[in-house]
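These notes are about the structure you will find just below.
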Amino acid sequence: MPDDEQVSPKPEPLSLTAFAESLYHAERADNNFKFLKNVPEQELPTVLQSLLKVIGDAIDDRDTTALARFVQQQQVQAYVASQLPSPVRPDLPPVPLARMGKPLKEASVALFTSGAFYRDDQEPFYPANLSYEQAIRDTRSAMERVASVRMIPGDTPESRLRVGHIAYDVRAAQKDSNVIFPLERFRELAQQGFIGSLAPRNYSYHGLTNIPRLRDETAPQWAQMLKDDGVDAVFLTPG
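Sequence positions in the sequence shown follow our numbering and run 70 to 308.
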């Protein structure tokens, strides 16, 4: 073997629990199955065994209906509020209902997402090909970092949108940005007269961030920014 030829290191073996936790990050992220992280450790082998049986039945029967139902049921059980760790549920004060000041068909609506979208001429939050190891290394610093925002004009074509997030499966968003940042759908709603208009300026940030500073500092600034834009309503989407 040539001296300058580098051999890739073998990946470290993972326990079932570590594997389930890895489904939240970068190249290993999988929106369909990241619920496994929230399954109690003692129940994880049983859930995985049941999943394999249902997959086998789906192959034999050539029918994925039962498989989809099983995964959906497991997602619901894993994501119930009582099982989520407390950092996922920040302590937020109650917010009074803000009524619309005009009919929706006359309103200017802005999109605001935590899904880490950006234009091809803007600085990415993270590269689209971020590796799992890179994501793990940067997760803690991401949660300490003050959120930054990207302004995305309302007439931006989908072909110019990019997405790079450290902690969710971006495959669906790469195939169709409208599943998280529906600029095209809202332009259609404006053309149909369902809303008055899509705001000229729409916004995106990386949702894994310093939550206390987002709540106390950054979000109020962004709210004022939207008011200054003359927006009547905001459509929020998570990443």
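For glycine and all other residues, C-beta sits at the position ideal for the given N, C-alpha and C.
Would you call ASN271 buried or exposed, if buried means 16 or more other Cβ atoms sit within 10 Å of its Cβ?
As a working mapping, residue 271 is identified with position 202 in the sequence shown. Per the 10 Å Cβ criterion, buried.
Which whole-angstrom value is the C-beta distance of ASP238 and ALA98, which I expect to be below 8 Å?
For the purposes of this step, residue 238 is taken as the residue at position 169 of the sequence shown. For the purposes of this step, residue 98 is taken as the residue at position 29 of the sequence shown. Contact holds; Cβ gap of about 4 Å.
Does the segment 283–291 come close enough to the segment 234–249 that 3 or more CB-CB pairs lie under 8 Å?
no
Within 10 angstroms of its Cβ, does TYR93 collect 16 or more other Cβ (buried), or is it exposed?
Counted from its first residue, the sequence shown places residue 93 at position 24. TYR93 is buried by the Cβ-count criterion.
DSSP state of GLY125 mapped onto helix, strand, coil:
Position 56 of the sequence shown, counted from the start, is the residue given in the question as residue 125. Correct three-state label for GLY125: helix.
Starting from the C-beta of LYS174, find all residues in its chain whose C-beta is less than 7 Å away, skip the five residues before and the five after it, and write them out in chain order.
The count along the sequence shown starts at 1 and reaches residue 174 at position 105. Once the five neighbours on either side are set aside, the close Cβ partners of LYS174 are GLY262, PHE263, ILE264 and GLY265.
Those residues which DSSP pairs with ILE221 across a bridge:
In the sequence shown, residue 221 corresponds to position 152, counting from 1. DSSP, once it has assigned bridges, lists ASN271 as partnering ILE221.
On the criterion of 16 or more Cβ atoms from any shown chain inside 10 Å, does ILE128 qualify as buried, or is it exposed?
In the sequence shown, residue 128 corresponds to position 59, counting from 1. Exposed.
Please tell me whether VAL123 and PHE139 are closer than 8 Å, where the distance is taken between their beta carbons.
For the purposes of this step, residue 123 is identified with residue 54 of the sequence shown, where counting begins at 1. For the purposes of this step, residue 139 is identified with residue 70 of the sequence shown, where counting begins at 1. Cβ atoms of VAL123 and PHE139: closer than 8 Å.
Using a Cβ-Cβ cutoff of less than 6 Å, which residues in the same chain neighbour VAL218 once the five nearest sequence positions on both sides are dropped?
Stepping through the sequence shown from its first residue, residue 218 is reached at position 149. Result list for VAL218: TYR272 and TYR274, in chain order.
If you draw a straight line from the C-alpha of GLY184 to the C-alpha of PHE88, how long is it?
The sequence position of residue 184 within the sequence shown is 115, counting from 1. The sequence position of residue 88 within the sequence shown is 19, counting from 1. When rounded, the distance between both Cα atoms is 24 Å.
Contacts around ALA135, its chain only, beta-carbon distance under 7 Å, and the 5 residues preceding and following it disregarded
Here residue 135 is taken as the residue at index 66 of the sequence shown, counted from 1. If we look at ALA135 and ignore the five residues flanking it on each side, its Cβ neighbours are VAL123, ASP126 and ALA127.
For LEU161, which three-state DSSP category applies?
Residue numbering aside, residue 161 sits at position 92 when the sequence shown is read from its first letter. Of the three classes helix, strand and coil, the one that applies to LEU161 here is coil, per DSSP.
If ALA259 sits next to LEU252, beta carbons under 8 Å apart, how far is it from one beta carbon to the other, in whole angstroms?
In the sequence shown, counting from the first residue as 1, residue 259 sits at position 190. In the sequence shown, counting from the first residue as 1, residue 252 sits at position 183. Rounded, the Cβ-Cβ distance is 11 Å, inconsistent with contact.
Answer with buried or exposed for ALA147, where buried requires no fewer than 16 other C-beta atoms within 10 angstroms of its C-beta.
Position 78 of the sequence shown, counting from 1, holds the residue named residue 147. Buried: at least 16 other Cβ atoms inside 10 Å.
In whole angstroms, give me the CA-to-CA distance for THR225 and VAL232.
Walking along the sequence shown from the start, residue 225 turns up at place 156. Walking along the sequence shown from the start, residue 232 turns up at place 163. Looking at the two C-alpha atoms, the distance is approximately 14 Å.
Where GLN142 falls, given that 16 or more other Cβ within 10 Å makes a residue buried:
Counted from its first residue, the sequence shown places residue 142 at position 73. Exposed, because fewer than 16 other Cβ atoms sit within 10 Å of the Cβ of GLN142.
Taking 7 Å as the limit between beta carbons, can you name the residues of its chain near TYR187, skipping five residues before and five after?
Residue mapping note: residue 187 aligns to position 118 of the sequence shown, counting from 1. For TYR187, where only same-chain residues beyond five positions count, the Cβ hits under 7 Å are PRO193, PHE194, ARG219, ARG231 and SER273.
Can you look up LEU277 in the DSSP assignment and give me helix, strand or coil?
Residue 277 sits at position 208 when you count from the first residue of the sequence shown. Three-state result, LEU277: coil.
Can you grab the Cα-Cα spacing for the pair VAL108 / LEU277, in whole Å?
As a first step, residue 108 must be located in the sequence shown, where it is residue number 39. As a first step, residue 277 must be located in the sequence shown, where it is residue number 208. Going from the Cα of VAL108 to the Cα of LEU277 covers about 22 Å.
Starting from ARG188, trace the beta strand (DSSP E) both ways and give me its first and last residue.
Taking the first residue of the sequence shown as 1, we reach residue 188 at position 119. Where ARG188 is concerned, the enclosing beta strand (DSSP E) stretches over 186–188.
My understanding is that ALA179 touches ASP297, with C-beta atoms under 8 Å, so please give their C-beta distance in whole angstroms.
Numbered from its first residue, the sequence shown carries residue 179 at position 110. Numbered from its first residue, the sequence shown carries residue 297 at position 228. That pair is no contact at about 12 Å.
LEU140 by DSSP, collapsed to three states: which one?
Start at 1 with the first residue of the sequence shown, and residue 140 comes out as number 71. For clarity, residue 140 is Val in the given sequence; the question names Leu instead. The answer is helix: DSSP assigns VAL140 an H, G or I state.
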